[in-house]
Each structure stands twice: as C-alpha cells, then as structure tokens.
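Asks:
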Amino acid sequence: MNMSVAREHFEPAGAWAAQGRQPRIAIIGAGFSGIGALIKLRKQGYTDLTCFEKAEKIGGTWRDNHYPGLSCDVPSHFYSYSFEPNPDWTHRFSYGPEIWAYMNKVADKYEVKRDIHLNCGVTDLKYLGPQWQLTTEHGDVEIFDLVIAATGVLVNPAYPAIKGLYSFAGLQWHSARWRDDVSLQGKRVGIIGTGSTACQIVGAIAGEVAHLDVFQRTPHWLNAMPQKKYSATWRFMLRWVPGLQLAIRNFMRWLMEYTFARATLGDEKQQQRVQDACEAFLQEQVPDPELRARLTPDYKATCKRMIMCSDYYPALQQDNVALITDRIAEIVPEGVKTADDKVHELDVLLLATGFKVSDFILPTRVTGENGLELAEFWRDAPRAHRALTFPGFPNFFMLEGPTGVFGNTSLIDISEHQIACVIAIIDRMKQEGVAVVAPKQEAYEAYNRAMSRDIGKSTWATGGCDSWYLDATGTPNIYPWLPQRYREDMLNPDFSEYRFEQLPVAVS
Ligand code: NA7
Numbered sequence: 216m217n218m219s220v221a222r223e224h225f226e227p228a229g230a231w232a233a234q235g236r237q238p239r240i241a242i243i244g245a246g247f248s249g250i251g252a253l254i255k256l257r258k259q260g261y262t263d264l265t266c267f268e269k270a271e272k273i274g275g276t277w278r279d280n281h282y283p284g285l286s287c288d289v290p291s292h293f294y295s296y297s298f299e300p301n302p303d304w305t306h307r308f309s310y311g312p313e314i315w316a317y318m319n320k321v322a323d324k325y326e327v328k329r330d331i332h333l334n335c336g337v338t339d340l341k342y343l344g345p346q347w348q349l350t351t352e353h354g355d356v357e358i359f360d361l362v363i364a365a366t367g368v369l370v371n372p373a374y375p376a377i378k379g380l381y382s383f384a385g386l387q388w389h390s391a392r393w394r395d396d397v398s399l400q401g402k403r404v405g406i407i408g409t410g411s412t413a414c415q416i417v418g419a420i421a422g423e424v425a426h427l428d429v430f431q432r433t434p435h436w437l438n439a440m441p442q443k444k445y446s447a448t449w450r451f452m453l454r455w456v457p458g459l460q461l462a463i464r465n466f467m468r469w470l471m472e473y474t475f476a477r478a479t480l481g482d483e484k485q486q487q488r489v490q491d492a493c494e495a496f497l498q499e500q501v502p503d504p505e506l507r508a509r510l511t512p513d514y515k516a517t518c519k520r521m522i523m524c525s526d527y528y529p530a531l532q533q534d535n536v537a538l539i540t541d542r543i544a545e546i547v548p549e550g551v552k553t554a555d556d557k558v559h560e561l562d563v564l565l566l567a568t569g570f571k572v573s574d575f576i577l578p579t580r581v582t583g584e585n586g587l588e589l590a591e592f593w594r595d596a597p598r599a600h601r602a603l604t605f606p607g608f609p610n611f612f613m614l615e616g617p618t619g620v621f622g623n624t625s626l627i628d629i630s631e632h633q634i635a636c637v638i639a640i641i642d643r644m645k646q647e648g649v650a651v652v653a654p655k656q657e658a659y660e661a662y663n664r665a666m667s668r669d670i671g672k673s674t675w676a677t678g679g680c681d682s683w684y685l686d687a688t689g690t691p692n693i694y695p696w697l698p699q700r701y702r703e704d705m706l707n708p709d710f711s712e713y714r715f716e717q718l719p720v721a722v723s
C-alpha cells in the first residue's frame, strides 16, 4: 500500500487516553522489530497502527543484505519470534533468504502488511505536545499520539575514508548493496574488510572468482561455525513433540549468553575459554606459520564481535586467494594501491566495511519538546534511557536504540522484550488517562552513569581493539550487563523513572 496522495490528517487531536479512544500509533521501519511491534500491539488491542517503511519491501537488514554466503550467527531456533517458533528451519544457523522468507510468512500470517506503507520514508517528526507530527518523503503530514522507531542499527553502510575511493574504473559496491546482476565468475575481485560480512563473502566466492585479494586492516578472532543441516525426522519431531522447540530455544539462549556474553563481561575464565578456542581454531586451520602470524590479532578475543565462520581460513589458503596486509594507500582506476606502492589490479572491488552504527533513526529530523533536536541531543554520542526512550522526547520509543545492542544474542528476543515494555507503558497511559510519558532526566542520567561505569570493565573496552561498538567518545555503545537483566527490566518497568502527565504540555 503506497500513499501517493498528499493528505493532512490532524484529527483526532488531544489526549487519546483521556478521550477514551484508540491511540494513533506510528511505527517506523518494517524489519523484525517493526513487524513484531505491529503484531504485539494488535494482539494487545491497539489497532490504529500505521507502519512507514522506506523501501519497497519489508525486511530491514535481511532485505538489504543478500550477499553470497549471508547467514546469521545466532542459532535459528533462538533467532525467531518467541510467539512464532519455526520447526522448519533447515539449518542450525539460518541463511539470509530463509530468514527473510520467515519474516514475510509471519507478516502474512498475522496480516500486518495491510498496516505498512511501503516506499514511504519518514523525513520529519515534530513533537506538538502531546502528539507528533510526522512528515513523509512524499510530503504527507499525519498526526500520531505515539511513535515507535524500529529503524534498526546495521542500516546505513559505512564507506571507508580511503583516498580515491570513487576513482576505481571497475565495478564497486558495498556488501549491503550487493549487485545480484553481476557475476563474479572468472573476475579479479578485491574485498576491503575482514569482519563477519567479509568472512562469509570470501568463503562463498573464493571458488568462483579468478583471483581474490582480501585487504585486511586488522585481523579478527574467529571461531568455528558449528553449522548443521536439520534432517526431515528432526523437523518432524520439532513440529510434534510438545515443548521441544521451546527447550531448544532456551538452551541456545543460555549457551550464547553463558559463553559469549559472560566472556565479555568480566568472567575471566569464560573469556579464556573463548580465547583458547579461537587460538586452537586458528592453529588447526592455518598450518603455515607466516600466514598464521598475519592472521593473529594482538587484542583479546571478544573485544570485537566474535566471528563464527568455518570456510574463511580454508578459502584464504586457496591458490587464487591472497591476504593483503599492507596498508591501503589509495584506490586507483586499476584497483587498490598499497603502501608498498604495489597496484593490485581488479575488475570488481567489494566494500565489506560495516555500518554507520551511530545514526539509528537519523537522518530523519526528530524535534522534541522546546525545539530539542535528537541529532543535537546525541551530539557527543547517542544515548537513551534503557535503550528505549529519551528525556525531552515524550511519547516516543526506539526499539534497539542506543546501548540496545548486546554481545552475541538474538536481537529479535531483545526487541520483543522492549515491545513488552512499550506496551506496559501504553497500558498505563490508557488506565490513568495519561497524555504524556517520557523518562525523567535524572533517571536517564543515573542509568547512563551506571552504564558507563560498568561498560568500562567489559572486554569491549579493555580488550585492546577498535570496533564498531565504540562510539565517538571511545565508549562501547552497548549494554554492559547480562541480557537476562535487561529482559527483567523490560518485563517489570519501574514507572517511577518516567514522568506521566495527564494534561497536554504547551510547546513553545
Ligand atoms: P564490521 O564488523 O564493522 O567490519 C568492517 C571491516 O571493514 C573491518 O574489518 C574493518 O577493519 C574494515 N574497514 C573499515 N574501514 C576500513 C578502511 N578504511 N580501510 C580498511 N579496512 C576498513 O562490519 P561487518 O559488516 O563485517 O559486520 C557488521 C555486523 O554485521 C557484525 O558484527 C554482525 O553483527 C553482523 P578493522 O577491523 O576496523 O580494522
């Protein structure tokens, strides 16, 4: 459904809860979080929902990313909605297309696509007190009582600041903008970056290209991906044995959080176990000591996001693949020139250089109370109250907002808990006739103080590396405690941290 006709919708106005009407809720983004919010809000009886999606299809990161080898490093039965377990997952770690198909199937089943306006980016959100004025890229203006931003984190590609980047004469694209129309068969390909994305791509394309140059700035720690294809019998059992899927989900959650989350959060024994596993994996997979030395990081495993990939090291050792560790000096029309003055000639240059993770909903202009701009509020670094709300921006929620990224766990699970918290807050507004809700400044400050104190103890801060977890202040923009604590906070919100106001607030 597309809104092609500009329209103004300023009714109904005023405080929805006091008027005893449905709140008009805008949801921005139709990825896992946005779809989950639509489903859960409707289930709770909130039916006046409009979702704005900038792209022509739903899917978020699983729509945008479709590079070869794309898979999720969180086990499938944990990387699913809790309310929609899927006995048909074909692998322990799902491949991208299957995840995207699952999301579409769930959206169809719960009939939420009718609430989604595709090709409809939101350019402007302005708080008018107690409502929000939302403007789309088409110039349509609508009024909403509540806004939920479900705009994701790994959204905006980061293009590397390398001299001459756009002077390359061949084809060049970012991993999140994959050119499905170009075959890499028989071509000389270069890839910049050696994060999770690059490792998956290298493993997938090494066998088809004529030559592959892998440009590594920093080596990453890798662990084996214990991939497994599920048999038909196993899937049959999952479908029919009561409780089996839930038990597996819970086990996977425990395993991920017990191993990786603890390893990052000061459990030295656990960190050492992960470290040993990575070192053993490298030793076993790369017999050549010279290559192994170039692949050995000088920082702790778990400092950057742990990469789980079994075909990267074998691919690097193929005859047609070269690991280049000389610094990139510049991009030239023929290819990549390294600091040793060598030009690596290429037909295709792939940028697996990650995402601008500090943007969140930006560049959408969000203006809160008293003209406060979200971009200004985030001038030093993006912060939120419990990764969800912002003082000065009432009736506005952000799923997976700042510090809502966790170490290796399922972000679907996290966003479901955030949605539960948003619903608890909306329910309370409804019960008490509340017009305005926002976190108190002092609660926000106390929460962020505690976070910055404790995040400093994690290996994201102490492990001796640079990573996409670090914000402009050099602080990991990531949750510093075990995910279990966050889930409990979301399920039992402390309402004293919020200001609830019954009367509309005048805005200058
Ligand atoms: P990442 O993990 O941010 O990796 C980006 C890679 O690109 C990393 O190896 C960077 O090197 C490299 N990079 C970035 N800029 C440059 C420049 N200018 N020159 C050379 N190399 C550069 O992104 P991914 O897409 O792999 O993964 C993102 C998340 O997606 C991942 O954590 C999973 O959650 C899924 P560096 O290591 O910084 O030296």
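According to this note's numbering, the stretch in the sequence shown is residues 216 to 723, in order.
Ideal Cβ placement from N, Cα and C applies to all residues, glycine included.
Between 704, 669 and 709, which lies nearest to residue 693 when the distance is taken from Cα to Cα?
Replies: Here the closest residue by C-alpha is 669.
Asks: Three or more C-beta pairs closer than 8 Å, one from the stretch 574–590 and one from the stretch 607–622: is that the case here?
Replies: Contact holds: three or more Cβ-Cβ distances are below 8 Å.
Asks: How many angstroms separate the CA atom of residue 525 from the CA atom of residue 439?
Replies: Looking at the two C-alpha atoms, the distance is approximately 5 Å.
Asks: For residue 547 versus residue 379, is the C-beta distance shorter than 8 Å?
Replies: Against a cut-off of 8 Å, the Cβ pair of residue 379 and residue 547 comes out as a contact.
Asks: If the criterion is Cβ atoms closer than 8 Å, does the pair residue 391 and residue 279 meet it?
Replies: Cβ distance < 8 Å, so residue 391 and residue 279 count as in contact.
Asks: Can you tell me which of 265, 599, 683 and 569 puts its alpha carbon nearest to the alpha carbon of residue 276?
Replies: Of the candidates 265, 599, 683 and 569, the one whose C-alpha sits nearest the C-alpha of residue 276 is 569.
Asks: So, are the CB atoms of residue 687 and residue 596 less than 8 Å apart?
Replies: Yes, the pair counts as a contact, with Cβ atoms nearer than the cut-off.
Asks: First and last residue of the beta strand (DSSP E) that includes residue 386?
Replies: 386–389 is the span of the beta strand (DSSP E), which, as asked, contains residue 386.
Asks: With hydrogens ignored, establish whether the beta-carbon of residue 569 is closer than 7 Å to any heavy atom of ligand 1.
Replies: The answer is yes for residue 569.
Asks: Buried or exposed, going by whether 16 or more other CB atoms sit within 10 Å of the CB of residue 315?
Replies: Result: buried.
Asks: Out of 676, 269, 455 and 293, which one is the CA nearest neighbour of residue 466?
Replies: It is 293 whose Cα lies nearest to the Cα of residue 466.
Asks: Using the C-alpha atoms, what's the distance from residue 478 back to residue 499?
Replies: Approximately 22 Å between the Cα atoms of the pair.
Asks: Could you pull the DSSP bridge partners for residue 339 from this structure?
Replies: 350 and 580, per the DSSP bridge assignment.
Asks: Taking a contact to mean a Cβ-Cβ separation below 8 Å, would you say residue 437 touches residue 527 in this structure?
Replies: Cβ distance < 8 Å, so residue 437 and residue 527 count as in contact.
Asks: Apart from the five residues on each side of it in sequence, which residues of its chain come closer than 6 Å, Cβ to Cβ, to residue 600?
Replies: These residues qualify, in order along the chain: 654, 659 and 662.
Asks: Reducing DSSP to helix, strand and coil, say where residue 287 ends up.
Replies: Correct three-state label for residue 287: coil.
Asks: Name the one or two DSSP bridge partners that residue 550 has.
Replies: The partner list for residue 550 (beta bridge, DSSP) reads 547 and 560.
Asks: Do you know whose CA, among 513, 505 and 475, lies nearest residue 520's CA?
Replies: Minimum Cα distance to residue 520 is reached at 475.
Asks: Would DSSP call residue 266 helix, strand or coil?
Replies: If DSSP states are grouped into helix, strand and coil, residue 266 belongs with the strands.
Asks: Under 8 Å by Cβ, that's how I've got residue 715 and residue 652 pegged, so tell me the actual separation to the nearest angstrom.
Replies: Correct: roughly 5 Å between the Cβ atoms.
Asks: Excluding five sequence neighbours on each side, which residues of the same chain lie with their C-beta closer than 6 Å to the C-beta of residue 336?
Replies: Contacts found: 269 and 352.
Asks: Go to residue 713, then tell me how far its beta strand (DSSP E) extends in each direction, as first and last residue.
Replies: That run of the beta strand (DSSP E) goes 713–716.
Asks: Going by alpha carbons, who is nearest to residue 305 out of 447, 598, 523 and 631?
Replies: Minimum Cα distance to residue 305 is reached at 447.
Asks: Taking the Cβ atom as the reference point for each residue, do residue 611 and residue 362 lie within a distance shorter than 8 Å?
Replies: Contact: yes.
Asks: Using only alpha-carbon positions, find the residue among 650, 711, 700 and 620 that is nearest to residue 234.
Replies: The residue with the shortest Cα to Cα distance from residue 234 is 650.
Asks: Using CA atoms only, rank isn't needed, just tell me which of 482, 501, 435 and 232 is closest to residue 697.
Replies: Taking only the C-alpha atoms, the option nearest residue 697 is 482.
Asks: Applying the 10 Å Cβ sphere with the 16-neighbour rule, what's the burial state of residue 707?
Replies: By the 10 Å Cβ count, residue 707 comes out exposed.
Asks: Considering only the alpha carbon of each residue, which of 471, 330, 323 and 647 lies closest to residue 256?
Replies: It is 330 whose Cα lies nearest to the Cα of residue 256.
Asks: Given 7 Å as the limit, tell me if residue 379 has its C-beta closer than that to any heavy atom belonging to ligand 1.
Replies: Not so, every heavy atom of ligand 1 lies at least 7 Å from the Cβ.
Asks: What span of residues does the alpha helix (DSSP H) with residue 447 cover, start to end?
Replies: 447–455 is the span of the alpha helix (DSSP H), which, as asked, contains residue 447.
Asks: In or out: residue 598 buried (at least 16 other Cβ within 10 Å) or exposed?
Replies: The residue in question, residue 598, is buried, as its Cβ has 16 or more Cβ neighbours within 10 Å.
Asks: Counting only the same chain and skipping the five closest in sequence on each side, list residues whose C-beta sits under 8 Å from that of residue 507.
Replies: For residue 507, where only same-chain residues beyond five positions count, the Cβ hits under 8 Å are 497, 498 and 501.
Asks: Grouping DSSP H, G and I as helix and E and B as strand, with all else coil, what is residue 359?
Replies: DSSP places residue 359 in strand when its eight states are reduced to three.
Asks: Measure how close the beta-carbons of residue 429 and residue 539 come, nearest whole angstrom, since I'm counting them as under 8 Å.
Replies: About 7 Å separates the two Cβ atoms, so the contact holds.
Asks: Please identify the residue among 640, 360, 619 and 435 whose C-alpha is closest to the C-alpha of residue 681.
Replies: For the residues 640, 360, 619 and 435, the minimum Cα distance to residue 681 belongs to 435.
Asks: Quick one, which of 515, 368, 556 and 319 has its alpha-carbon nearest residue 675's?
Replies: Ranking 515, 368, 556 and 319 by Cα distance to residue 675 puts 515 first.
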